[in-house]
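Asker:
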Amino acid sequence: MFLSLFVRETLFYKTFFTLTLIIGLQNLITFGVNLSDNLMIGGYSESALSGVAIANQIQFVLQMLVMGVSEGLVIMASRYWGANDIGSIKRIASIGMRLSILVGLIMWAIVFFFPQSLLSLFTNDQSVIAEGAKFIKIICFSYIFFSVTSILLATLRSVETVKIGFILSSTTLIINVCLNYVLIYGHFGFSSLGVQGSAIATLSSRIIELIIVCIFVKRFDRKILLKLRDFFTIDMELFKHYVKLGSPILMSNFIWGIAMATQTSVLGHMGEAAIAANSIATTIFQIVSVVVFASASATTVVIGKTIGEGHMDKIKAYAKTLQMLYLIIGLCTGAALFIAKDYVLDFYSISAEARGLALQFMTVLSITVCGTAYQMPSLTGIVRSGGDTKFVLYNDTIFMWLIVLPASALCAFVFNLSPLVTFICLKSDQILKCFVAIIKVNRFKWIRAFDSYSPEAKENVAL
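Here it is in C-alpha cells:
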C-alpha cells in the first residue's frame, strides 16, 4: 500500500534527485559562507556576532525579494523550457533582471543612508548596533552584484543547468574563508578589521562570483545562449503575464522576509545572548536543512517542465510521490540536526547563557524542521509551480502576522516568558502549516494548464 504512493518512472526520480543533490550542495556551500562568517566573527566577540546577525536580517529581506523575482522567473521559464520556447525564456530573463536590479538598488539606498535607524529596530544595545553599522555600510554594496548573479543562476536552473551554481558557491566559499581569516584577525601583515573585514570579504566574493557566472553564460552555456542585448528589450505581453504569476510570490517573500526580521527583533529585545543564540541556531539549521530547500527548488523545475510539456495527467501522481519524499527528507534532517547540536558550539566563543539558549533553540528546530520539510516544498514547490501563486501569500500572511508574531510578542513583552518559549511560538507555524498543506495539495485545485501567448510554445506542446 505504501509503495503504491510512489510513481514508477526512472526519469522522474533521476531528475528530482539530481536537481535536489546539486542545488543542495550549492546551498550547503552558500550557507557555508554564512557559517564561516558566523564562526570567525563568533570567535572575535559576542557583540560582533550579534551585530552581524541583525545586519544580516536586513540582507535577508533583500535575499527574499530577489528570490521572489527568481522563483517567478523559474516557474514561467521552466514551462517554456518544457515547451522548447527559448525565445520566451530570454525575454523572461530580461524582465527578472530589471526587477532584481531595481530591488537591489532600493535596498542599497535604504541601508546606506539609514543604517543606524534600521539596526535600532532590532535591539537597544548600542555596542551591538555599532558593530552592525560597521558591517552593513560595506556589505550593502554587494546587493547589486548578488541581485544580478541570482537572476542569471535562476535562468540557468530553469533549463536544468545547475552544476555552475555548485562550482560558483565552492569558489565563493574558498575566497570568503581565506579573506575572512586575513581581514578579520589581521594575518599576513594586514590590519585586524573585525566585522569590517568580514564585510569586505563577502563583498569581494560577490564580485568574483558575478564575474564567474558571466563568463559561464558567455562562453559555456549552450541551451539559452543569452546575450547582453537580450536584457535591453522587454516584452510587455510577457511582462503582464509575469506580473500576474510572479507578483504574489514577490509579495509573499517580502512579507516573509519582514516577518523573519521581526522575529529577530523580538528576540533581540530579550538580550544579546538571545541574538547570538538565534544566529548560531539558525545558521546551523540552514546548513543541515539544505536538502529541504533544494527539494522545493527541484520540485519547481519538475512540475513546471511537466506542465510545459503538456503532461497534465502525470501531475497528481508526481505530487503524491513528492509528498512522501518530503516526509523522509524531514525525518532525516531532524535527526541530523539533533545529533549535530552538541558538537558545533565548541567552535564559538560565547557566554554560557548564549550556549544554553543555542542548544535549546536547535532542539526546537530539530522537531519543527520535520514540518518545514513537508509544508514548505509542498506549498512553494508543488502548489506555486502548479500555477496557484496566490495561496502561499494568503497562507503566510495569516499564520505569520495574525498568529505567530502576535503570540510571540505577548510571550516576550507582556507575559515576560523565557526566550525558549518565545522561540517555540516563533517556529510553531512550521507544524501548523502542515495541516493546511495536506488539504491544499491533495485537493489538486492548484493545477493550472500551460497558458502562453507564444505561438511557438503552443505549437511545441501540441507536437
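Numbered continuously in the UniProt record's numbering, the sequence shown closes out at residue 463. Yeah, the Cβ is synthetic: ideal placement off N, Cα and C, and Gly gets one too. Every value quoted in this text rests on a predicted model; they were computed, and no experiment measured them.
(1) What runs of the beta strand (DSSP E), each 3 residues or longer, lie entirely inside the region 75-134?
(2) Taking only runs of the alpha helix (DSSP H) that begin and end inside the region 187-229, which ones reach a length of at least 4 residues, in chain order?
(3) Please list the terminal residues of the continuous alpha helix (DSSP H) segment that includes Thr282.
(4) Whose CA, out of Val52, Glu71, Leu152, lies closest to the CA of Ala294?
(5) Among residues of its own chain, excluding the 5 on either side of Ser378, which ones have a beta-carbon nearer than 7 Å to its beta-carbon?
(6) Taking the runs of the alpha helix (DSSP H) that are 4 residues or longer, which of them lie wholly in the region 402-439?
(7) When DSSP labels each residue in this structure, what does Tyr348 get in the three-state scheme?
(8) What is the DSSP secondary structure of Arg8, counted as helix, strand or coil?
(9) Give the single residue among Gln375, Ser351, Asp388 whose Cα lies nearest to the Cα of Leu49.
(10) So, Asn176 versus Thr149, is the Cβ gap smaller than 9 Å?
(11) Looking at the structure shown, is Arg448 part of a helix, part of a strand, or coil, going by DSSP?
(12) Assuming Ser385 and Ile303 make a contact with CB atoms under 8 Å, what is their CB distance in whole Å?
(13) Given this structure, state the Cα-to-Cα distance separating Ile23 from Phe415, to the nearest angstrom.
(14) Alpha carbon to alpha carbon, how far is Lys90 from Lys223? Give it in angstroms, no decimals.
(15) Can you name the start and end residues of the alpha helix (DSSP H) that Met260 belongs to?
(16) Span of the alpha helix (DSSP H) holding Ser142?
(17) Hey, how far is the Cα of Lys14 from the Cα of Leu73?
(18) Where does Glu160 fall in DSSP's three states?
(19) Please classify Asn180: is it buried, with 16 or more other beta-carbons within 10 angstroms of its beta-carbon, or exposed?
(20) By the three-class DSSP mapping on this structure, what secondary structure does Asp313 have?
(21) Where Val182 and Ala199 are concerned, what is the direct C-alpha to C-alpha distance, given to the nearest angstrom?
(22) From Ser170, Leu228, Leu393, Phe391, pick the residue whose C-alpha is nearest to that of Ile208; which is it?
(23) When you compare only the Cα positions, how much space is there between Leu62 and Lys163?
(24) Count the C-beta pairs between the region 121-132 and the region 263-270 that are closer than 8 Å, then say yes if the count reaches three, no if not.
(25) Among Ser142, Ile54, Met260, Asp85, whose alpha-carbon lies nearest the alpha-carbon of Ala130?
(26) Leaving out five residues before and five after Ala277 in sequence, what residues of the same chain have Cβ atoms less than 7 Å from its Cβ?
(27) Let me confirm a value: Gly257 is counted as buried when at least 16 other C-beta atoms fall within 10 Å, else exposed. Which label applies?
(28) Among residues of its own chain, excluding the 5 on either side of Ser100, which ones have a beta-carbon nearer than 6 Å to its beta-carbon?
(29) Is the separation between the beta-carbon of Gly308 and that of Ser78 shorter than 9 Å?
(30) In angstroms with no decimal places, state the Cα-to-Cα distance between Lys433 and Leu193.
(31) Quick check on the DSSP output: the alpha helix (DSSP H) that includes Asp396 runs from which residue to which?
Answerer: To lay it out plainly:
(1) none
(2) 195-219
(3) The residue labelled residue 282 in the question sits at position 282 within the sequence shown. Run containing Thr282: 272-288, per the alpha helix (DSSP H) assignment.
(4) Looking up residue 294 in the sequence shown gives position 294. Minimum Cα distance to Ala294 is reached at Glu71.
(5) Position 378 of the sequence shown, counting from 1, holds the residue named residue 378. If we look at Ser378 and ignore the five residues flanking it on each side, its Cβ neighbours are Gln323, Tyr326, Ala437, Val441.
(6) 405-409, 419-427
(7) Counting from one through the sequence shown, the residue named residue 348 turns up at place 348. Coil at Tyr348, not helix or strand.
(8) Numbered from its first residue, the sequence shown carries residue 8 at position 8. Residue state, collapsed to three classes: coil.
(9) Locating residue 49 in the sequence shown gives position 49, counting from the first residue. Checking every option, the nearest Cα to that of Leu49 belongs to Ser351.
(10) Counted from its first residue, the sequence shown places residue 176 at position 176. Counted from its first residue, the sequence shown places residue 149 at position 149. Cβ distance not < 9 Å, so Asn176 and Thr149 don't count as in contact.
(11) Here residue 448 refers to the residue found at position 448 of the sequence shown. If DSSP states are grouped into helix, strand and coil, Arg448 belongs with coil.
(12) Numbered from its first residue, the sequence shown carries residue 385 at position 385. Numbered from its first residue, the sequence shown carries residue 303 at position 303. The pair is a contact, with the Cβ atoms about 4 Å apart (cut-off 8 Å).
(13) As a first step, residue 23 is located in the sequence shown; it is residue number 23 there, counting from the start. As a first step, residue 415 is located in the sequence shown; it is residue number 415 there, counting from the start. Cα to Cα, the separation comes out at about 42 Å.
(14) As a first step, residue 223 is located in the sequence shown; it is residue number 223 there, counting from the start. As a first step, residue 90 is located in the sequence shown; it is residue number 90 there, counting from the start. Whole-angstrom Cα-Cα distance: 11 Å.
(15) The residue you call residue 260 lines up with position 260 of the sequence shown. 236-268 is the span of the alpha helix (DSSP H), which, as asked, contains Met260.
(16) Here residue 142 is taken as the residue at index 142 of the sequence shown, counted from 1. Neither: Ser142 is in no alpha helix (DSSP H) and is coded neither H nor E.
(17) Sequence index remark: in the sequence shown, residue 14 carries index 14 (1-based). Sequence index remark: in the sequence shown, residue 73 carries index 73 (1-based). Their Cα atoms are separated by approximately 23 Å.
(18) Looking up residue 160 in the sequence shown gives position 160. Note: Glu160 maps to coil in three-state DSSP.
(19) In the sequence shown, residue 180 corresponds to position 180, counting from 1. Asn180 should be labelled buried.
(20) Sequence index remark: in the sequence shown, residue 313 carries index 313 (1-based). Helix.
(21) As a working note, residue 182 is residue 182 in the sequence shown. As a working note, residue 199 is residue 199 in the sequence shown. Each residue's Cα considered, the two are about 12 Å apart.
(22) Position 208 of the sequence shown, counting from 1, holds the residue named residue 208. Nearest C-alpha to Ile208: Ser170.
(23) To locate residue 62, count along the sequence shown from 1; it is residue 62. To locate residue 163, count along the sequence shown from 1; it is residue 163. Looking at the two C-alpha atoms, the distance is approximately 24 Å.
(24) yes
(25) For the purposes of this step, residue 130 is taken as the residue at position 130 of the sequence shown. That would be Ile54, whose Cα lies nearest to the Cα of Ala130.
(26) Counting from 1 along the sequence shown, the entry for residue 277 is found at position 277. The residues are Ala354, Leu357, Ala358, Phe361.
(27) If you number the sequence shown from 1, residue 257 lands on position 257. Result: buried.
(28) Taking the sequence shown and counting its residues from 1, one reaches residue 100 at position 100. Taken in chain order, the residues that qualify are Val66, Val69, Ser147, Ile151.
(29) As a first step, residue 308 must be located in the sequence shown, where it is residue number 308. As a first step, residue 78 must be located in the sequence shown, where it is residue number 78. Contact flag set, yes.
(30) Translated into the one-based positions of the sequence shown, residue 433 becomes position 433. Translated into the one-based positions of the sequence shown, residue 193 becomes position 193. One C-alpha to the other measures close to 43 Å.
(31) What you label residue 396 is simply residue 396 of the sequence shown in a count that begins at 1. 390-397 is the span of the alpha helix (DSSP H), which, as asked, contains Asp396.
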